[in-house]
Every structure is written in C-alpha cells, then in structure tokens.
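**Student:** Numbering of the sequence shown is given in the working numbering, commencing with residue 406 and proceeding in unit increments.
Backbone N, C-alpha and C fix where the C-beta goes; we use that ideal spot for every residue, glycine too.
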Amino acid sequence: MSDVDGTLCRIVDRPDQARVPVRARESLETLADHLALVACITGRPSPVARKMVGAGKITYFGNHGLSFIKPGQERPTVVIEGEEADRARKFVRDNDNPFWVTAKIRVEDKGPIQALHWRGAGHRTEEVVRIIADHAQSAGLATHWGRKVLELRPPGMEGKAGAVDELLDGTEIETVVFAGDDRTDFDAAVRLKNLADDGKLKNLLLVAIDSDEGPPELVEMADLVVAQPEEWIDLIEDLAAGFGEQSIEAAADSSQPGATQPE
Numbered sequence: 406m407s408d409v410d411g412t413l414c415r416i417v418d419r420p421d422q423a424r425v426p427v428r429a430r431e432s433l434e435t436l437a438d439h440l441a442l443v444a445c446i447t448g449r450p451s452p453v454a455r456k457m458v459g460a461g462k463i464t465y466f467g468n469h470g471l472s473f474i475k476p477g478q479e480r481p482t483v484v485i486e487g488e489e490a491d492r493a494r495k496f497v498r499d500n501d502n503p504f505w506v507t508a509k510i511r512v513e514d515k516g517p518i519q520a521l522h523w524r525g526a527g528h529r530t531e532e533v534v535r536i537i538a539d540h541a542q543s544a545g546l547a548t549h550w551g552r553k554v555l556e557l558r559p560p561g562m563e564g565k566a567g568a569v570d571e572l573l574d575g576t577e578i579e580t581v582v583f584a585g586d587d588r589t590d591f592d593a594a595v596r597l598k599n600l601a602d603d604g605k606l607k608n609l610l611l612v613a614i615d616s617d618e619g620p621p622e623l624v625e626m627a628d629l630v631v632a633q634p635e636e637w638i639d640l641i642e643d644l645a646a647g648f649g650e651q652s653i654e655a656a657a658d659s660s661q662p663g664a665t666q667p668e
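#1: Starting from the C-beta of Gly545, find all residues in its chain whose C-beta is less than 8 Å away, skip the five residues before and the five after it, and write them out in chain order.
#2: Please list the terminal residues of the continuous alpha helix (DSSP H) segment that includes Thr580.
#3: With DSSP as the reference, label Ile536 as helix, strand or coil.
#4: Residue range of the alpha helix (DSSP H) that Asp514 falls in?
#5: Rounded to a whole number of angstroms, what is the C-alpha to C-alpha distance between Trp637 and Glu513?
#6: Leaving out the 5 sequence neighbours to the left and right, which residues in its chain are closer than 7 Å to Asp590 when beta-carbon positions are compared?
#7: Using beta-carbon positions only, say whether Ala460 and Arg430 come within less than 8 Å of one another.
#8: Give a single yes or no on whether Gln422 has its beta carbon closer than 7 Å to a heavy atom of the ligand ADP.
#9: DSSP puts Ser472 in a beta bridge; with which residues?
#10: Taking His718 as the reference, give the member of Asp539, Lys495, Trp550 with the closest Cα.
#11: If you pair each beta-carbon of the segment 465 to 472 with each one of the segment 435 to 452, do three or more pairs fall below 8 Å?
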C-alpha cells in the first residue's frame, strides 16, 4: 500500500503538474502479478490517481477512502453519496470570493472533498486559510491539514484508516508494507500498527518519506525512513526485480529434463 503525492512522486506547487515516474508504474504492475494486493491510497479521486500512476492492475482508493476503483473497473465505487457528499463543495461555492484568488488560495475539487492549496504563497495566506477552516468547522465540516493544503471533508469520515480496513476486509493478508509522508498517512499507519498489535497482521513494514512538512510521529513510528520518493521507488523496483528473477528461475527449472510441467 502506498500514498501517491509525496511518496510515489514529489510534491509540486500545482497538483496537476505532479508526475509519477514510469519505473514506479512498471514495478507496481510487476508486483500486482505476484501479490494478493497492490494499492494506492490517495487524496486524489481514484480515476485521477489511476491515470496519474498509470498502473492498471492495481487498486486505487481515492479521496482518502471515499471512493475506490479496482482493476478492470471503468467507474469508481463511491462510499458516500447524496447531500453529505456535496456539503464541502456547497461550502466552497457559498464562501469563495475574489480575495481567495488574491491570497493565492487554489481550490481543488475532489468531489466530496474540497482541497485548499497555498503552496508558494506567504504566511499571511495560511492565516486566512485557518480562518476559513474555523468557518468550515462551524458549518459542520471536518477539516484536515496536509502539506500546504487544507481539506474540507464530510463529517465522520475515517480517511485512509478506513481505506485500510476496506482493503483488508475479507482477505487473508498477513503481511503489509505501507508507505506515506503526511498526516493522512499517519492515520493509516496507526490503524495498521493496531492490527499488528492485535495479531491480525503477522508482518508489517511501515515506510516514511521524511519531510519538514510531514508529521514527526510518522517518522518515529516507521520501521524504515527514506529521504525522498525516489528512494521508495528504488525499494519497489528492487522488490519487483526479485519476483522477476524468481519467475526466470522457475521457467528455467521447468525446462530441465524430467521437470514436472504445469497443467
């Protein structure tokens, strides 16, 4: 399980300009051929994440757990619908004004989640965003702070922790590797750690991508800390290469005289 922004690719000023390296996509596809589950858990809408990562064989849990799209599906399955799903968008529609643009606040429409970005703006803009957050909470919305981003969410959503539960529910998966970089990923890491402590997971490897903007708690909890997304992709690539070598060895063994051929 991996986050996308800040984990499979670097954080950039404009989210639409973020790019996941081709080698990450290829390695994830290889892993999907050998593992019970390969998934990206992201704040982006699941179809957007699929297009961005480009790996069609894996599952994408988008909007921090509000929608998911599995291999072979054309449309995402939405966890929340109706009036609740539109609350954050309505708040932005009712409160957006030219001053937001002047303050360099950029609104990203994620459907049920509305994200306010201010990367590249000054400290005063962050103060404005905090006022907006207070107003949103008064209107009954949940707020979640990321790396230079405020997300306005429907109340009561569990975020990536809930996505972890959905992904593992009904499976016999006992080993999980999870990687992330921000507060939303910390929520998922805590849920996974609790599952491991309760004996529901036998093996758990938590990987943190270190960042001055990320929560120190995630780094402290992690079993492995890397400095940047490229190093996490290196690990994915090495793991995928290991499976590739096993396949080559298996093919070589089966070609030997007297070897049992698969049906």
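**Tutor:** For this structure:
#1: Looking up residue 545 in the sequence shown gives position 140. The answer, listed in chain order, is Arg492, Pro560.
#2: Against the sequence shown, residue 580 aligns to sequence position 175. Segment 580 to 585 is the beta strand (DSSP E) holding Thr580; no alpha helix (DSSP H) there.
#3: Within the sequence shown, the letter at position 131 stands for residue 536. In this structure, Ile536 counts as helix in the three-state DSSP scheme.
#4: The residue you call residue 514 lines up with position 109 of the sequence shown. From DSSP, Asp514 is part of no alpha helix (DSSP H) but of the beta strand (DSSP E) over 511 to 515.
#5: In the sequence shown, counting from the first residue as 1, residue 637 sits at position 232. In the sequence shown, counting from the first residue as 1, residue 513 sits at position 108. Distance between the alpha carbons of Trp637 and Glu513 is about 27 Å.
#6: By 1-based counting over the sequence shown, the position of residue 590 is 185. For Asp590, where only same-chain residues beyond five positions count, the Cβ hits under 7 Å are Asp408, Lys565, Leu623.
#7: As a position in the sequence shown, residue 460 is number 55, starting the count at 1. As a position in the sequence shown, residue 430 is number 25, starting the count at 1. Yes, they are a contact pair.
#8: Of the ligands one can find in the structure shown there are none, so the ligand ADP has no counterpart to examine.
#9: As a working note, residue 472 is residue 67 in the sequence shown. Partner(s): Gly467, Val483.
#10: This structure cannot settle anything about residue 718, because the visible part of the chain is limited to 406 through 668.
#11: yes
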